[in-house]
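Inspection log for the structure reproduced underneath, given as structure tokens.
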Amino acid sequence: MYHITTTNLEQQESASRIGGAANIEIADYPVCPVTQKPMLLLMSLKKDLFDAGYAVNNLLEDSNYAISIFLSVKIHPEFGVGSNMPGMYTVNDPKQAEKMKNGTVKVILHYDTGRAVEMADLPIPIPEQKIVLTRFSEQEGKEDFPAGQEWFEGSKLTTSKFGAQFPAWLQDPINIDPELMANFASIFGGFFGPEFILQLEDKLISELSPVHSGLLGTDGIGYLYLPVSVRNFVKKYQRPVEIGNFFIQDT
Numbered sequence: 509m510y511h512i513t514t515t516n517l518e519q520q521e522s523a524s525r526i527g528g529a530a531n532i533e534i535a536d537y538p539v540c541p542v543t544q545k546p547m548l549l550l551m552s553l554k555k556d557l558f559d560a561g562y563a564v565n566n567l568l569e570d571s572n573y574a575i576s577i578f579l580s581v582k583i584h585p586e587f588g589v590g591s592n593m594p595g596m597y598t599v600n601d602p603k604q605a606e607k608m609k610n611g612t613v614k615v616i617l618h619y620d621t622g623r624a625v626e627m628a629d630l631p632i633p634i635p636e637q638k639i640v641l642t643r644f645s646e647q648e649g650k651e652d653f654p655a656g657q658e659w660f661e662g663s664k665l666t667t668s669k670f671g672a673q674f675p676a677w678l679q680d681p682i683n684i685d686p687e688l689m690a691n692f693a694s695i696f697g698g699f700f701g702p703e704f705i706l707q708l709e710d711k712l713i714s715e716l717s718p719v720h721s722g723l724l725g726t727d728g729i730g731y732l733y734l735p736v737s738v739r740n741f742v743k744k745y746q747r748p749v750e751i752g753n754f755f756i757q758d759t
């Protein structure tokens, strides 16, 4: 289990990152179904992150590929993120879980072109930062496991984290029902998932860029779910494919 922090990304460094522009072919860039505008890149996860912090079955074996998370947004250059768009992927209780199918979030496994995409109407990007993992202390690891197996009470550590046991639910816990994920049926079939991989605080994004404050809700947290096994999907899919799900809770 690891804390997620960030540092400056060196020029031409191929690493997992928050923000910046996506290294994806223009033809594959996701478009918001509401605004019909290109979506915002939240983060791109690469081989280095899985190598540093996760079990063997979840390795992203090919460094030429990335798992990128895109969000539907409207960002005013002066007033920043409004509450409307984040509300479209806010799931504060299981009854709202149908939002996961509305297409306002895309988690895509794709070939990393090594170059930032250039398109008209791209939203204001989050300043690019390399993701850094630092291991939990023994005590933090114990605190991350809910006492008495009462997992629904959530984690005691409401921090940005990777490979942790439990999400820190801000509202009601969300049971991820694979039946809700019709778009991902081929990915999440059988024993392949979904599985909680990381959570990200809005605070981390806000500190990087005030104009993006509130992107993950008011004092919110975003939750990423991927297949239990990632390693074989690069070989299986020759084109970009939706491989997971991301949603937020806020206070």
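Each number in my numbering comes from the position in the sequence shown (counting from 1) with 508 added on. Note that beta-carbon positions come from the ideal geometry of N, C-alpha and C, so glycine has one too. On a predicted model such as this, the values are computed, not experimentally measured, just so you know.
Considering just the uninterrupted stretch of the beta strand (DSSP E) at E703, what are its terminal residues?
703-709
Euclidean distance between Cα positions of G752 and M627
25 Å
Residues near Y510 in its chain [Cβ-Cβ closer than 7 Å; skip 5 each side]
G561, L641, T642, R643, F644, K669, F670, G671
How should I583 be labelled, buried or exposed, when 16 other C-beta atoms within 10 angstroms of its C-beta is the threshold for buried?
buried
A676 to L665 span [Cα, whole Å]:
7 Å
Nearest-angstrom Cα distance between Q637 and D680?
31 Å
Rounded Cβ spacing between S524 and K545 (contact assumed at less than 8 Å):
Between S524 and K545, the beta carbon gap of about 26 Å keeps them out of contact (Cβ cut-off 8 Å).
Runs of alpha helix (DSSP H) lying entirely within the stretch 713-754, each at least 4 residues, in chain order:
Within the stretch 713-754, the complete alpha helix (DSSP H) runs of at least 4 residues are 741-744.
Given that a residue counts as buried once 16 or more other Cβ atoms are within 10 Å of its Cβ, and exposed if not, what is E709?
buried
For P538, I'd like the list of residues in its chain whose CB is within less than 8 Å of its CB, leaving aside the five on either flank, ordered along the chain.
P546, M547, F578, K614, I616
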